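**Student:** One structure coming up, written as structure tokens, with questions to follow.
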Amino acid sequence: MKMMKTTFKWYLFLVIALVMLLTPQFITNVYYQHIINLVGIYTLITIGLNILSGYTGQVSMGHAGYYAIGTYVSSLLMLNLHMPFWLSVLIAVVAVAICGLVVGIPAMKLSGPYLVLATVGFGEIVRLVILNWTPVTKGAAGLTGIPLPRLFGLQITGEKDFFYLIFFVVLIGCYIAQRIARSKIGRTYMAIREDELAAEAMGVPVNTYKISAFVISAIYAGIAGCLFGAYSGVASPDNFTFDDSVGFLCMSVVGGNNTIIGALIGSFVLTILSELLRVFQSLRLILYGLILIMTVIYMPKGLAGFIEPVRKWMAIHMKKSTLIQD
Amino acid sequence: MTVMEAINKVHLQICGISKRFGGLQALEDISIDIQKNTIHGIIGPNGAGKTTLFNIITGQIRPDQGTIKLDGQTLPYLKPNQLVPLGITRTFQNIRLFKEMSVMENVLIGQHVHTPTPILSIILNGSKARYWEEVAKNEAENALKFVGLENKADEMVKNLSYGQQRLVEFARALAAKPKIILLDEPAAGMNPTEKANLLRLVLLLKEKGYTIVLIEHDMKVVMNICQTITVLDHGKKIAEGQPEMIRKHPEVIKAYLGKGV
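For the record, the sequence lines run as chains S and W. Using our numbering, read the first sequence as starting at 1 and increasing by one per residue. Using our numbering, read the second sequence as starting at 1 and increasing by one per residue.
In structure tokens:
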């Protein structure tokens with residue numbers, strides 16, 4: 001039975017992977033491809049947020065800050081020092097991890113609304129530094145002409161190529177996050193979320209784990225930033241505002257922040273929604289708020305919360321059909 | 001028995017602990033010797049400072065004065081998570097479980113300090129990570145079997161009854177492989193059957209060589225199973241000794257029933 005279940009899972013995985021790989025062949029409209037790529041980038045940030053807020057219970061409203069640092073560090077290295085893409089990403093990851101550490105250390109002492117405020121502050125600091133450090137970041141004008149990445153001798157150009165690059169990164173990101181979430185580390189994160197004091201009394205070094213969650217989620221946002229910079233070719237402080245941080249948090253909550261797949265669902269739904277609502281520019285945030293409130297009240301587990309009942313229903317159904325076969 | 005032997009048997013020694021919360025002297029110069037492999041009861045009226053004492057022993061609160069010695073060695077001020085590897089674990093008065101997690105996951109957290117966390121192996125789903133996960137699972141299963149909840153392993157903790165939740169907390173403390181277990185009112189809110197079951201478990205643990213420190217309000221429980229009882233009142237130790245002695249101690253009667261006319 002267990003064998004059957006795992007093979008079934010593998011088939012499912014293969015089918016989904018195949019569909020995803022063929023997506024750019026079906027969807028030839030460049031605008032749609034662009035949106036799918038954005039979904040991929042946002043998924044990465046949301047995965048990080050889910051590990052931080054969903055698993056560890058530390059809410060961050062400053063993830064646009066990490067996202068920005070990822071974008072600017074990698075883009076500036078490519079622009080000014082002509083570094084290859086992979087090296088710039090590597091350095092950006094280190095930079096972002098250090099920033100995660102810097103925010104994570106005071107966060108040990110803060111909780112609830114105070115932590116949220118501290119992270120908001122961090123996001124704003126990053127944005128203001130970018131805005132005002134004109135000699136390096138070009139200020140409000142932003143960076144232009146960020147070179148297209150070259151990986152393993154492959155020049156990546158156009159939406160389709162980026163789709164494969166982003167898809168690959170998201171796949172690895174999901175896999176690593178899932179491994180962490182299902183392991184002892186994820187379990188410990190959850191224990192910290194549920195009851196910090198009890199976790200500490202059972203031998204969990206709570207502070208170390210909290211900081212590690214901050215660093216991991218910062219790295220995810222940073223990598224997303226690197227991809228965004230290379231993909232869009234331009235970056236300005238307007239891409240990394242408080243609204244964006246709130247948007248990421250919305251994706252995390254709407255999709256379901258205590259699963260990894262929830263990140264994918266949330267960023268998919270909200271990115272497409274926000275594109276559809278582009279016409280009502282100013283109404284958009286009101287709608288976002290409304291969706292967030294509705295989600296928190298009526299489906300605290302987010303959209304991913306619907307997966308479990310469906311799976312159970314399917315399990316019962318499958319059992320029945322095998323019984324009939326017997 | 002010589003004096004030296006008696007000292008050697010002291011497992012946990014609380015020396016002159018004082019703690020003040022603002023204007024309230026929660027504990028005043030408390031010294032207690034807890035003998036190895038005994039059940040040591042700590043009783044006292046509400047507000048006597050019993051839980052504060054537990055919080056100090058387990059490192060949640062730093063005392064104003066005094067030290068704690070484990071096997072004759074003075075412990076520096078340590079955080080709760082650093083005391084677990086030394087063999088001190090506790091349960092809480094008001095159950096503190098991880099409510100949105102399964103029973104098994106709760107007990108596995110108790111195993112935290114006894115299994116390594118091979119990060120690379122976890123990410124690659126390597127054999128090392130799986131091996132240690134298996135080891136932790138076995139230990140947790142043993143702890144659950146001990147309290148008789150092995151068939152509830154996959155249940156969400158919040159769906160269990162109050163008495164069962166207490167047992168899960170007990171199992172979680174056991175999974176941390178302690179030498180000394182501090183139980184803070186473990187039988188509170190339990191029905192007589194559950195209480196009897198718990199007492200059986202506590203006695204079984206004592207036979208297995210654990211040292212147990214117990215806060216309890218139920219006198220029947222305390223008098224029946226404890227070898228030594230310490231009575232606290234208003235932060236002071238007013239009596240210590242065997243149950244028979246405590247039962248007749250005038251100070252204890254006064255603390256519980258008030259002054260005679």
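Note that CB positions come from ideal geometry on N, CA and C, so glycine has one too. Remember, predicted model here, so these are calculated numbers, not experimental data.
1. With a cut-off of 8 Å, does the C-beta of N197/W fall near any C-beta of chain S?
2. Relative to the C-alpha of V204/S, which candidate in I185/S, A218/S, A221/S and I307/S has its C-alpha closest?
3. Quick check: what's the CA-CA separation for G241/W versus K248/W?
4. Would you kindly work out how many angstroms separate the C-alpha atoms of F122/S and T241/S, rounded to a whole number?
5. For the alpha helix (DSSP H) containing V170/S, list its first residue and its last residue.
6. Let me know the secondary structure DSSP gives V213/W once reduced to three states.
7. Exposed or buried, H40/W, counting other C-beta atoms within 10 Å across all chains shown (16 or more means buried)?
8. Determine whether the beta carbon atoms of I105/S and A221/S lie at a separation below 8 Å.
9. Report the residue ranges of all beta strand (DSSP E) runs contained in full by the region 173-237 of chain W; include only those spanning at least 3 residues, in chain order.
10. Using a Cβ-Cβ distance cut-off of 8 Å, determine whether T188/S contacts chain W.
11. Using a Cβ-Cβ cutoff of less than 7 Å, which residues in the same chain neighbour V252/W once the five nearest sequence positions on both sides are dropped?
12. Can you tell me whether DSSP reads M156/W as helix, strand or coil?
13. K2/S by DSSP, collapsed to three states: which one?
14. Which residue from S217/S, P113/S and F228/S puts its Cα closest to that of V89/S?
15. Whose Cβ in chain S lies nearer than 9 Å to the Cβ of M101/W?
16. Nearest chain W C-beta to A263/S closer than 8 Å, yes or no?
17. If you drop the 5 nearest sequence neighbours on each side, which residues of the same chain put their C-beta closer than 7 Å to that of L27/W?
18. Figure out for me which residue from G54/S, A95/S and N80/S has the closest Cα to the Cα of A68/S.
19. Contact criterion: CB-CB distance below 8 Å. Does R150/S meet it with respect to chain W?
20. Alpha carbon to alpha carbon, what distance is there between L287/S and S274/S?
21. Under 8 Å between C-beta atoms, does M4/W make it to chain S?
22. Check each residue of the region 202-218 of chain S: if its Cβ is closer than 8 Å to any Cβ of chain W, include it; give the result in chain order.
23. Would you mind telling me which residues of chain W sit closer than 7 Å to V9/S, beta carbon to beta carbon, in chain order?
24. Would you say P76/W reaches chain S, if we count a Cβ-Cβ gap shorter than 8 Å as a contact?
25. Exposed or buried, what is P250/W when buried is set at 16 or more other beta-carbons lying within 10 Å of its beta-carbon?
26. Between F248/S, L14/S and M83/S, which has its C-alpha nearest L151/S's C-alpha?
27. Using a beta-carbon distance below 8 Å, is P80/W in contact with chain S?
28. Just to confirm, are I51/S and A177/S a CB contact at a threshold of 8 Å?
29. Using a Cβ-Cβ cut-off of 7 Å (strictly less than) and excluding sequence neighbours within five positions of L149/W, which residues of its own chain qualify?
30. For E240/W, which three-state DSSP category applies?
31. When we look at the beta-carbon of K2/S and count the other beta-carbons within 10 Å, is it buried (16 or more) or exposed?
32. Is H11/W helix, strand or coil by DSSP?
33. Could you check which residue in D243/S, M251/S and C174/S has the C-alpha nearest to that of Q281/S?
34. Checking contacts by CB at 8 Å: is R311/S closer than that to chain W?
35. Return the bridge partner residues of V41/W from the DSSP annotation.
36. Assuming contact is defined by CB atoms lying nearer than 8 Å, are G87/W and K206/W in contact in what I supplied?
**Tutor:** Checking against the coordinates, here is how it stands:
1. In the second sequence, counting from the first residue as 1, residue 197/W sits at position 197. Not one chain S Cβ lies under 8 Å of N197/W.
2. Here the question's residue 204/S lines up with position 204 in the first sequence. Comparing Cα positions, the closest option is I185/S.
3. Start at 1 with the first residue of the second sequence, and residue 241/W comes out as number 241. Start at 1 with the first residue of the second sequence, and residue 248/W comes out as number 248. Spanning the two alpha carbons is a distance of roughly 11 Å.
4. If you number the first sequence from 1, residue 122/S lands on position 122. If you number the first sequence from 1, residue 241/S lands on position 241. When rounded, the distance between both Cα atoms is 11 Å.
5. Sequence index remark: in the first sequence, residue 170/S carries index 170 (1-based). From DSSP, the alpha helix (DSSP H) with V170/S extends over G158 to R182.
6. Here residue 213/W is taken as the residue at index 213 of the second sequence, counted from 1. It is a strand residue.
7. Along the second sequence, read from residue 1 onward, the residue named residue 40/W stands at position 40. Buried, since its Cβ has 16 or more Cβ neighbours within 10 Å.
8. Numbered from its first residue, the first sequence carries residue 105/S at position 105. Numbered from its first residue, the first sequence carries residue 221/S at position 221. Cβ atoms of I105/S and A221/S: not closer than 8 Å.
9. 180-184, 211-215 and 228-233
10. Translated into the one-based positions of the first sequence, residue 188/S becomes position 188. It does; some Cβ of chain W falls within 8 Å.
11. If you number the second sequence from 1, residue 252/W lands on position 252. Correct list, in chain order: V231, I238, A239 and I246.
12. For this step, residue 156/W is matched to residue 156 along the second sequence. Looking at M156/W - three-state DSSP - the assignment turns out to be strand.
13. Within the first sequence, the letter at position 2 stands for residue 2/S. With a pLDDT of 49 at K2/S, under the threshold of 50, the predicted position of this residue should be treated as unreliable, and no value is reported.
14. By one-based count along the first sequence, residue 89/S stands at place 89. V89/S has its Cα closest to that of F228/S, out of S217/S, P113/S and F228/S.
15. As a first step, residue 101/W must be located in the second sequence, where it is residue number 101. In chain order: R187, M190, A191 and E194.
16. For this step, residue 263/S is matched to residue 263 along the first sequence. No, A263/S does not count as interfacial toward chain W.
17. As a first step, residue 27/W is located in the second sequence; it is residue number 27 there, counting from the start. Closer than 7 Å at the Cβ level, and outside the excluded window around L27/W, lie I17, S18, K19, G49, T52, L53 and G235.
18. Indexing the first sequence from 1 puts residue 68/S at position 68. Nearest option by C-alpha distance: A95/S.
19. Here the question's residue 150/S lines up with position 150 in the first sequence. No, no contact with chain W.
20. Locating residue 274/S in the first sequence gives position 274, where the first residue counts as 1. Locating residue 287/S in the first sequence gives position 287, where the first residue counts as 1. Cα to Cα, S274/S sits roughly 9 Å from L287/S.
21. By 1-based counting over the second sequence, the position of residue 4/W is 4. Here the model assigns M4/W a pLDDT of 48, short of 50, so the residue's position is not dependable and the matter cannot be decided.
22. M202, G203, V204, P205 and V206
23. Locating residue 9/S in the first sequence gives position 9, counting from the first residue. The sequence as given places Lys at residue 9/S; Val does not occur at that position. Simply none; closest approach about 14 Å.
24. On the second sequence, residue 76/W is found 76 positions in, with the first residue counted as 1. No, no contact with chain S.
25. For the purposes of this step, residue 250/W is taken as residue 250 along the second sequence, with counting starting at 1. By the neighbour-count rule (16 or more Cβ atoms within 10 Å), P250/W is not buried but exposed.
26. Counting from 1 along the first sequence, the entry for residue 151/S is found at position 151. Checking every option, the nearest Cα to that of L151/S belongs to M83/S.
27. Taking the second sequence and counting its residues from 1, the one referred to as residue 80/W is at position 80. Cβ-Cβ to chain S under 8 Å: yes for P80/W.
28. Walking along the first sequence from the start, residue 51/S turns up at place 51. Walking along the first sequence from the start, residue 177/S turns up at place 177. A contact, by the Cβ cut-off of 8 Å.
29. Looking up residue 149/W in the second sequence gives position 149. Here the set comprises V103, Q164, L167, V168 and A171.
30. Mapped onto the second sequence, residue 240/W falls at position 240. In the structure shown, E240/W sits in a strand (DSSP, three-state: E or B).
31. Taking the first sequence and counting its residues from 1, the one referred to as residue 2/S is at position 2. Confidence in K2/S is poor, its pLDDT being 49 and thus under 50, which makes the residue's placement too unreliable to answer from.
32. By 1-based counting over the second sequence, the position of residue 11/W is 11. Here H11/W sits in strand by DSSP.
33. Indexing the first sequence from 1 puts residue 281/S at position 281. Considering only alpha carbons, the answer is D243/S.
34. Counted from its first residue, the first sequence places residue 311/S at position 311. No, no contact with chain W.
35. Against the second sequence, residue 41/W aligns to sequence position 41. A small correction: the amino acid at residue 41/W is Gly; Val does not occupy that position in the sequence shown. Answer by DSSP bridge pairing, in chain order: L214/W and I229/W.
36. Walking along the second sequence from the start, residue 87/W turns up at place 87. Walking along the second sequence from the start, residue 206/W turns up at place 206. No, the Cβ-Cβ distance between G87/W and K206/W is not below 8 Å.
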